[in-house]
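Engineer: In terms of the numbering used here, the sequence shown opens at residue 62 and continues consecutively.
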Amino acid sequence: MKKKLELVAPGGSLEKMEYAYHFGADAVYVGHPNFSLRARLNDFSEANLRKAAAVARKLGKRIYFTLNIYAHESHLPELKKHLKFIKKVKPDAVIASDPGIIGLVKKIAPQIKIHLSTQANATNSEAVKFWQKQGVSRIILAREVTLQEIKRIKKICPGIELEYFVHGAMCMSYSGRCLLSRWFKDRSANLGDCVQPCRWRYKLSQKSKIKNKNHGVLQSGTDSLNADGSKITNIEEDEHGTYFLNSKDICLIEYLGELAKAGIDSFKIEGRTKSAYYVACAAGSYRRVLDAINWGKSRAEIKKLSSAAKKELMKLANRGYSTGFLFGRDKWENDFEKSQRENSWQFVGEILRSRSLQSGVSEKIRGFNKLRVHNAIRQNAKIEIVTPGGAHPDKVLEIRNINGEKILSAHGGGKQPFFFRFSRAYSENSMIRKKLGLGKKRIMR
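(1) Run through the DSSP bridge pairs and tell me what Q407 is partnered with.
(2) Span of the alpha helix (DSSP H) holding F146?
(3) So, at 6 Å on beta carbons, what are the nonlocal neighbours of D159 in its own chain, with the 5 sequence-adjacent residues on each side left out?
(4) Please classify Q180 as buried or exposed, where buried requires at least 16 neighbouring CB atoms within 10 angstroms.
(5) Do I314 and V256 have their CB atoms nearer than 9 Å?
(6) Bridge partners for R482 per DSSP, in chain order?
(7) Look at L128 and V166 and say whether their C-beta atoms are less than 9 Å apart.
(8) Determine the direct distance from the alpha carbon of L366 to that of Y82, and round the result to whole angstroms.
(9) State buried or exposed for E373, treating a residue as buried only when at least 16 other CB atoms are found within 10 Å of its CB.
(10) Please report how far the alpha carbon of C239 lies from the alpha carbon of V150, in whole angstroms.
(11) Return the residue from the list G196, V197, I438, V189 that minimises the CA-CA distance to V206.
(12) Taking the CB atoms as reference points, tell me whether R433 and L413 lie closer together than 9 Å.
(13) Would you identify the three-state DSSP class for P94, choosing helix, strand or coil?
(14) When you compare the CB positions of E224 and D326, do they come within less than 9 Å of one another, or not?
(15) Give the DSSP-derived three-state secondary structure of R243 in the structure shown.
(16) Just grab the DSSP bridge partners of N490 for me.
(17) Looking only at its chain, what residues have a beta carbon closer than 6 Å to the beta carbon of M492, apart from the 5 residues adjacent to it on each side?
(18) For T127, which three-state DSSP category applies?
(19) Using the C-alpha atoms, what's the distance from I463 back to G474?
(20) Tell me the DSSP secondary structure of K168 in three-state form.
(21) DSSP has S383 in a bridge; who is on the other side?
(22) Count the CB pairs spanning the region 379 to 388 and the region 348 to 364 that are closer than 8 Å, and state whether there are at least three.
(23) Quick one: residues in its chain with C-beta nearer than 7 Å to the C-beta of L144, no 5 flanking neighbours on either side, listed in chain order?
(24) What are the residues that DSSP puts in a beta bridge with K443?
(25) Report the three-state DSSP secondary structure of E67 (helix, strand or coil).
(26) Can you tell which of I162, K148, K122 has its C-alpha closest to the C-alpha of E134?
(27) Would a C-beta distance cut-off of 9 Å place W406 and K335 closer than the cut-off?
(28) Taking the C-alpha atoms as reference points, what is the distance between A70 and L110?
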């Protein structure tokens, strides 16, 4: 029987992890702030990691613990204690890049599988064979690996699992090995504390500048070639500055079939610091296409599903999408103008309980959907409700507050839930978004 293609999603919190599972992820990756390249916006203490593992087992899903920092000597005592904890909790695998950490995993928790982190920059078959000899069962390939290289690596190394990032942020450095954050703010990207200088706006300072009257752009230099014939990179800057380090995001939703044929076993979404809404929508989109591939659907059916999924992903926060390094580099993949693209959709809330809300509640809210509201939404608003099966257009027919009183709008920020009536019933944990009017597009994060 053909092995099912795996979808791995980020788990930045217990809530995000559960949404990832609900929307179709087979596995999530989570980690302690001290050892997982996510020192901030990470609530996975050892107590929460234990809870996360229990949730995964209950749902019949997989969970991977990240240990992918490049450790210094000062990290080792606590790391050894943490590995003893991991040995007891028994995640399905740990993700590591530091050879010393991999050696400690083999020594302290030898029964735990080891996945090689993309931080290790495995880009060729010899590297894969080397790590396989060290006891690694899966290679998370560097984002710089092309489709043709994946095919070659799988052909030479058929006995090892390959994982590949198919969605999310791209680092301007080589698969995350960046020193800009440390240089600017003394916060190390390789210890999970990157402040993302690649997303900042910069101003260029130079001795001579030439203004392009047609585009209002300042350009450095007038020559197109260096003395040796190599190409000059002209950095464009307008009155607002330039985001010349700001790479676009990866989105390979339309190429999952090619990746599967090339030998990818596991498809990974980046974004442990993204919102639960982002994780849910991204996981649902990739799940639907991967299922079509798993079920042997026709190329036409897969193409149609992929196209619809791409439109769904365009509604999420992004910096513009690209295919990254998958087909080589033959065009610019940076957004010089801004760090995020404007978005015409806004996340407004999630359903906590569905229209099955019947017993033990006030007559006034019986049959309504219980919602946690994040952003303002009014009665009669046209919305989309996102479920694991896709997005469904609908309308807010009625809103009531906790006392069962009719109200015209609900606003986020409070602790009290609201009760909504739509045209049909939706499952719990469904996400709700609204279309922003003209002139109201926002930078979505």
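We put the beta carbon where it would ideally sit given N, CA and C, even for glycine.
Structural biologist: Short version:
(1) Q407 is bridged to K495.
(2) Per DSSP, F146 is one residue of the alpha helix (DSSP H) stretching across 137 to 150.
(3) The beta carbon of D159 sits closer than 6 Å to the beta carbons of Y131, A132 from its chain, once the five residues preceding and following it are set aside; these are given in chain order.
(4) Q180 should be labelled buried.
(5) No, they are not a contact pair.
(6) Residue pairing by DSSP puts R482 in a beta bridge opposite E459.
(7) Contact flag set, yes.
(8) In a straight line, the C-alpha of Y82 is about 21 Å away from that of L366.
(9) By the 10 Å Cβ count, E373 comes out buried.
(10) Using only the alpha carbons, I get a separation of about 32 Å.
(11) The residue from G196, V197, I438, V189 with its alpha-carbon nearest to that of V206 is V189.
(12) A contact, by the Cβ cut-off of 9 Å.
(13) In this structure, P94 counts as coil in the three-state DSSP scheme.
(14) Yes, these two residues count as a Cβ contact at 9 Å.
(15) R243: helix per DSSP, three-state reduction.
(16) Per DSSP, none; premise fails for N490.
(17) Excluding residues within five positions, the ones whose Cβ falls inside 6 Å are Y338, A341, E411, V447.
(18) Note: T127 maps to strand in three-state DSSP.
(19) Distance between the alpha carbons of G474 and I463 is about 15 Å.
(20) K168: helix per DSSP, three-state reduction.
(21) DSSP output for S383 lists I311 as bridge partner(s).
(22) When Cβ pairs closer than 8 Å are counted between the two stretches, the region 379 to 388 is seen not to touch the region 348 to 364, the count staying below three.
(23) Listed in chain order, the non-local C-beta contacts of L144 below 7 Å within the same chain comprise L165, V166, I169, A170, local neighbours out to five positions each way being set aside.
(24) Within the DSSP bridge table, the entry for K443 names K456 as partners.
(25) Note: E67 maps to strand in three-state DSSP.
(26) Of the candidates I162, K148, K122, the one whose C-alpha sits nearest the C-alpha of E134 is I162.
(27) In this structure, K335 does not lie closer than 9 Å to W406 by Cβ.
(28) So the two alpha carbons sit approximately 16 Å from each other.
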